[in-house]
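From first to last, the protein sequence lines are chains A and B. Under our numbering, the residues of the first sequence are numbered 4 to 390, in order. Under our numbering, the residues of the second sequence are numbered 4 to 390, in order. Positions of the beta carbon are idealized from the N, C-alpha and C atoms, including for glycine. These notes concern the structure reproduced below.
There are 2 protein chains.
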Amino acid sequence: MRQVLVAGIGSTPFGRHADVAVEALAARAADAAIRDSGLDKSEIGALYLGNFVAGPLSGQEVLAGLVADELGLGQIPCSKTEGACASGGIAFRHAYLAIATGQCDVAIAVGAEKMSHAGTAAVTSALNCAMDNLSDGRSGLTFPGFFGMVWNAHAARYGTTREMVAAIVQKNKRNGLSNPLAQMGADLSLEQIAAAKPICDPLQLYDCCPISDGAAAALLVAADRANDFAGPRIAIAASAQTRGSPRLAGIGNLTSFRANVDAARIVYEQSGLSPSDIDLCELHDCFSIAEVVDSEDLGLVPRGKGAVWAAEGRTAVGGEIPINPGGGLLAKGHPVGATGLGQIYEIVTQLRGKHPNQVKNAGVGMTHNLGGAGVACTVTILKRTDA
Amino acid sequence: MRQVLVAGIGSTPFGRHADVAVEALAARAADAAIRDSGLDKSEIGALYLGNFVAGPLSGQEVLAGLVADELGLGQIPCSKTEGACASGGIAFRHAYLAIATGQCDVAIAVGAEKMSHAGTAAVTSALNCAMDNLSDGRSGLTFPGFFGMVWNAHAARYGTTREMVAAIVQKNKRNGLSNPLAQMGADLSLEQIAAAKPICDPLQLYDCCPISDGAAAALLVAADRANDFAGPRIAIAASAQTRGSPRLAGIGNLTSFRANVDAARIVYEQSGLSPSDIDLCELHDCFSIAEVVDSEDLGLVPRGKGAVWAAEGRTAVGGEIPINPGGGLLAKGHPVGATGLGQIYEIVTQLRGKHPNQVKNAGVGMTHNLGGAGVACTVTILKRTDA
């Protein structure tokens with residue numbers, strides 16, 4: 004496998020884009036990534052586009068071809084990838100593989116979603132496409148309900164409390180306040196978080212990511228092209244994609260997702276790094292409790308301590324392992340297919356030393372993207388490798 | 004790139020599967036492909052699933068993970084690929100690439116679609132997700148309308164007539180009669196075809212593929228595993244994926260699809276073969292006129308002669324270049340995401356010498372899968388390579 008570098012990144016703000024089609028959002032982010040790299044678009048040999056629900060919500064598929072056409076790319080292979088909320092991470096991994104395995108020297112990964120126009124009921128129904136609708140979906144379960152059960156399981160096993168989890172919400176919402184791409188940053192007291200309206204017990208309003216529109220993109224190149232673009236060398240040190248059970252009944256222990264654990268093991272093996280080498284992580288906090296479980300599964304925080312460490316400030320910018328310094332899904336937003344690429348955007352910005360919530364001496368960053376009830380997961384380690 | 008073999012194939016019948024979910028159809032075909040190969044499912048290192056409209060029509064995504072779970076596969080990467088009607092071909096190409104580039108030694112590609120439960124209006128709306136809905140779709144164009152224009156352009160340039168095109172319908176419908184997997188084989192006179200009810204002038208009923216449910220799958224292995232499964236060595240001699248314009252206004256000449264021409268050029272270059280080396284082809288006759296254009300674009304038939312050659316019997320089984328001996332989309336059916344894998348199933352069966360419409364001495368076969376208005380295309384050359 005050849006070494007692959009991230010040469011360019013682009014993103015729209017996450018939030019509400021009322022008058023822009025999903026393919027136009029994707030093209031904006033991709034165009035920004037190409038310009039950021041300084042490379043010529045004619046060099047791009049493959050395009051992967053992560054999207055989840057443009058079919059049900061916008062009546063539009065073939066987004067990969069539409070975006071390539073809008074960008075004026077060549078007659079290259081253009082594929083949409085889908086794995087629910089991990090769709091963007093899957094697109095990034097395939098662009099990486101296209102270069103790592105020698106299919107082409109330059110590739111682009113784009114993620115995009117547009118949801119806010121459809122209304123909450125339609126969005127909830129579309130998001131439930133990520134469940135097994137012959138079992139969990141038919142029972143009336145929604146994702147807030149699923150992660151509410153995860154919370155209860157974690158509380159029962161480890162004594163995790165409302166107050167501890169509120170520290171995660173407070174951290175991510177505050178981080179989002181200074182991220183210009185974030186949809187819903189806020190400076191909230193722990194009391195405000197604990198007093199917010201209930202969504203699905205024990206989840207309350209601020210425990211849930213918002214409904215978002217947005218797009219993000221990354222332009223990848225083979226490492227031997229490092230002299231052809233400006234900026235530091237940021238290499239993909241590891242990339243993993245795994246699967247877990249698609250349904251509640253297949254998860255023996257709700258305080259851990261097997262796809263997370265497997266993906267973490269793979270990226271540490273691939274990179275030769277260990278959790279203590281990771282300087283920061285953008286992970287999939289679709290709900291506050293998901294950050295607890297994910298941070299433990301990735302080995303960044305001791306088992307059972309995900310919320311405790313947040314409450315102790317250890318996962319803040321400046322703490323032992325900064326988690327979601329960009330605001331995470333809770334504050335930055337969760338335009339589903341874009342989220343995995345949005346995380347790449349955040350980490351690359353950090354490794355360039357240009358982030359509004361800069362982690363000092365950030366040299367190794369991780370992204371973690373999770374689909375459905377843990378049915379699909381991607382984890383990436385990015386490393387600054389100035390030669 | 005390592006050589007890759009097709010070790011197993013599986014398919015459901017194409018047609019109406021009223022009481023079976025799309026993921027169950029996919030699992031049936033995949034399970035049949037695994038059993039056909041005789042390999043153990045624990046060896047499978049990647050799963051790709053081609054699907055187009057399970058989101059809008061079945062409210063179900065994450066099909067790749069659902070099917071892997073149903074099959075009892077390992078914690079492997081499972082990705083859905085989408086490129087409209089070429090979704091299955093894209094899935095096949097990615098399973099091929101996973102092995103060819105050394106990511107794993109065994110991979111499975113599955114394609115599936117379920118449409119018949121949704122009703123014609125919902126299906127037409129879902130199929131239009133393959134258009135650019137900010138231009139063609141908004142104008143009221145449907146795919147019968149688009150291919151009607153293609154027919155008129157071909158008739159104007161080359162003098163193609165109703166009678167000539169009817170020969171394609173007659174051939175494919177008759178081929179379908181003896182294919183047990185086919186949905187709508189028929190023995191039709193040219194008069195019956197020309198007297199059928201109009202759909203979208205000049206297209207009439209039998210010029211259009213039916214609405215179909217179904218799934219097909221192929222199990223691929225690295226060539227050094229050839230001794231581990233029964234049956235002849237059938238190698239993937241070439242695999243291409245290209246893109247074309249997503250909309251009518253981007254197609255300068257409606258009698259050819261650029262994505263077809265580019266993909267054909269690539270597979271001939273990759274394989275070192277020429278059109279005269281191809282013994283038979285399963286190509287994307289979503290409408291009768293599409294077979295005309297595709298067969299010319301692939302170089303199998305002289306430019307302008309696609310319908311003439313059919314009328315002269317040259318594309319029949321026993322003719323110079325048998326096209327769609329399995330019945331094609333017109334007779335076998337078009338469960339959209341499954342079609343590309345269904346074509347692989349047909350060609351592999353031919354290369355094994357086991358097809359009900361067997362082409363004598365079939366040693367090299369081609370498949371061609373086209374998405375939307377030519378926005379995505381995959382072409383594969385399969386070759387029997389008994390060592």
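- B:Ile350 has its alpha-carbon roughly 14 angstroms from the corresponding atom of B:Lys335.
- With the criterion set as a beta carbon lying under 9 angstroms from some beta carbon of chain A, the members of the segment 230-246 of chain B are Ala243, Gln244, Thr245, Arg246, in sequence order.
- Not one beta carbon of chain B lies nearer than 9 angstroms to the beta carbon of A:Ser259.
- In this chain, the beta strand (DSSP E) harbouring A:Ser14 covers 7-14.
- Residue state for A:Thr163 is assigned as coil, using DSSP reduced to three classes.
- Look at A:Val56: its C-beta is under 9 angstroms from a C-beta on chain B.
- Counting the other Cβ atoms within 10 Å of the Cβ of B:Ser90 gives 16 or more, which makes it buried.
- Residue environment: B:Asp39 is assigned as buried (16 or more neighbouring CB atoms within 10 Å of its CB, all protein chains considered).
- For A:Tyr348, the enclosing alpha helix (DSSP H) covers residues 339-354.
- Interface flag for B:Ser248 against chain A is set, since a Cβ pair is found closer than 9 angstroms.
- By the neighbour-count criterion, in which 16 or more other beta carbons inside 10 Å mark a residue as buried, B:Glu299 falls on the buried side.
- If you look at B:Leu74, you'll find it in the alpha helix (DSSP H) that goes 66-74.
- The Cβ atoms of B:Pro59 and B:Ser119 do not sit closer than 9 angstroms to each other.
- At the C-beta level, A:Val378 and A:Ala243 stay beyond 9 angstroms of one another.
- A straight line joining the alpha-carbon of B:His20 with that of B:Ala185 spans about 13 angstroms.
- CA-CA distance, B:Ile47 to B:Ala27, rounds to 19 angstroms.
- When rounded, the separation of the alpha-carbon atoms in A:Ser274 and A:Gly368 is 12 angstroms.
- Put simply, of B:Gly148, B:Ala30, B:Thr245, B:Ile171 the residue whose alpha carbon is nearest the alpha carbon of B:Leu332 is B:Ile171.
- Straight-line spacing of the CA atoms in A:Asp72 and A:Ala98 works out to 18 angstroms.
- Using a Cβ-Cβ cut-off of 7 angstroms, A:Val126 is close to nothing in chain B; its nearest Cβ partner there is about 13 angstroms away.
- Under the criterion of beta carbons closer than 8 angstroms, A:Trp154 and A:Ile239 do not qualify as touching, at roughly 33 angstroms.
- Its Cα nearest to that of B:Gly13, the residue B:Gly41 stands out among B:Gly41, B:Val7, B:Ala24.
- Here B:Lys117 is buried: its Cβ has 16 or more other Cβ atoms, across all protein chains shown, within 10 Å.
- Among the residues facing chain B, A:Asn136 is included, as its CB has a counterpart in that chain under 9 angstroms away.
- Taking CB atoms only, B:Gln6 has no neighbour in chain A less than 9 angstroms away.
- The shortest CA-to-CA distance from A:Ala30 to any of A:Val113, A:Pro80, A:Ala101, A:Asp43 is the one to A:Val113.
- Counted as a single uninterrupted DSSP element, the stretch harbouring B:Glu285 is not any alpha helix (DSSP H) but the beta strand (DSSP E) occupying residues 283-285.
- Check the Cα spacing between A:Arg160 and each of A:Thr258, A:Gly105, A:Val382, A:Ile269: the tightest is with A:Thr258.
- If you ignore the 5 residues before and after A:Ile214, its C-beta comes within less than 6 angstroms of the C-beta of Met118, Ser119, Val126, all in its own chain and listed in chain order.
- When the alpha-carbon of A:Phe149 is set against those of A:Asn131, A:Glu166, A:Leu137, the nearest one is in A:Asn131.
- At least 9 angstroms separates the CB of B:Glu294 from every CB of chain A.
- Sorting A:Pro338, A:Asn182, A:Gly340, A:Arg387 by C-alpha distance to the C-alpha of A:His358 places A:Asn182 at the top.
- Interface annotation for the segment 52-84 of chain B against chain A: Phe55, Val56, Gly58, Pro59, Gly62, Gln63, Glu64, Val65, Ala67, Gly68, Leu69, Ala71, Asp72, Gln78, Ile79, Pro80, Cys81, Ser82, Lys83, Thr84, criterion Cβ-Cβ distance under 7 angstroms.
- Under the three-state reduction of DSSP output, A:Thr127 falls in the helix class.
- Annotated three-state conformation of A:Phe146 is helix, per DSSP.
- In the DSSP assignment, B:Arg246 is bridged to B:Ala379.
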